[in-house]
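Working notes, structure below.
Listed below in C-alpha cells is the structure:
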C-alpha cells in the first residue's frame, strides 16, 4: 500500500495540524509562499514518489490566492511523481456560482474551478457540505462530499434545549433542516420565508410554524454576512421564541458579519473550523467553534484504505 502523506497550504493551517494529529502523523515538508511579485511559490522538500497524497486547503478568502496555492501544490506533487493526489477542500469556494439564473450572462464558476482542479492532476476531491450537491457532477474525478451535521447534532444534544424546534432560514434549506429535526428526536420544524432584493441583503417576511416559548435551532450550510441569520433571530424572538441558536458548517463571516453578530439577539452562533475565524469574531462571547478534524481524518483514512465513506453516516 502506498505511503499516505498529508500536505497543507496556508488557508487552514490549524485544521490541517489537527487532522494530522488525529492520524498520528505529521504534515509533509513543503514551502508554500510568495515570490516578490506575489506569484505563488511551492517547493516539496521530501520524497513523494508513488505516495498517496492528501492536500488540505480550503478555498476561502482570499479565495483566488488559496485556489492558486492548491493547484500549484498539485502540479508540484504531480511532477514529483505522486501516486494519487486527493484535494481535501473543507470549504469549496465559488460553490454558490453553480448555475445561470434565468439565462443571465454569467459564468458557472463552480464548473470552471472543477475543470481547473481536474486539469492540473487532482485524482479525487474530499469536501464538506457543498452548497449544492450537484457540483459533484462538475468534476470528472470522484468527489466525496461529507457532512458536518453529525458534529453539529452532537453539540445540539448537549445544549439542554427546552421544547426545541428546528428552523430553516429559507425555503432552500428545508431538506437540511428536516434531516436535523428528524435526528434531533424527530422534533418540529419551522421555515422562514424571506425575499432577497440583492446580493447579501435579505428581508425576513414571515415564519411558517409556531415558535412561541420554544428554543429555536437555526441551521444552515454557511454564514456569510450574517444578515439572514440575525434578521431571522429577530423575527423568531418577536414571535415569542425563548432562545435562538444558530448552527452552520462554514463561517465565511464577510462584510459586516462582526457588527451583525455582535449586535444580534442570537444566543449563540456555533460553526465549524472549515474556515479560520477573524480574531475579532472569534473573541465574541456568543460565537463558538467545533472542529471537523476527527471526521475529516477518518474520511482520509478510509479513502487511503479504500474503505466506504458513506458508512460513516449510516444511522
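In the numbering used here, the protein residues as written are 63 to 377.
All C-beta atoms, glycine included, are put in the ideal place defined by N, C-alpha and C.
Since we're looking at a predicted model, the values are computed, not measured.
- The C-alpha of residue 109 is placed about 16 angstroms away from the C-alpha of residue 87.
- Rounded to whole angstroms, residue 364 and residue 370 show a C-alpha spacing of 6 angstroms.
- Between residue 155 and residue 122, the C-beta gap is smaller than 8 angstroms, which places the two residues in contact.
- In its chain, beyond the 5 residues on either side, 186, 187, 188, 189, 361, 365, 371 have a beta carbon closer than 8 angstroms to the beta carbon of residue 206.
- Contact between residue 115 and residue 146 holds, with the beta-carbon distance rounding to 7 angstroms and staying under 8 angstroms.
- Fewer than three beta-carbon pairs drawn from the region 168-176 and the region 294-304 are found closer than 8 angstroms, and the two stretches are therefore not classed as touching.
- The region 210-226 and the region 194-202 do not touch, with fewer than three beta-carbon pairs separated by less than 8 angstroms.
- With respect to the 8 angstroms criterion, residue 278 and residue 229 are classified as neighbours on the basis of their beta carbons.
- Boundaries of the alpha helix (DSSP H) harbouring residue 178: 171-182, taken from the DSSP string.
- A residue is called buried when at least 16 other Cβ atoms come within 10 angstroms of its Cβ; residue 242 meets this threshold and is buried.
- Following the DSSP letters along the chain, one finds residue 149 inside the beta strand (DSSP E) bounded by residues 146-151.
- Counting along the chain, residue 211 sits inside no beta strand (DSSP E); it lies in the alpha helix (DSSP H) bounded by residues 211-218.
- If you draw a straight line from the Cα of residue 90 to the Cα of residue 302, it comes to about 52 angstroms.
- With at least 16 other beta carbons inside 10 angstroms of its own, residue 67 counts as buried.
- As far as DSSP is concerned, residue 298 takes part in no beta bridge.
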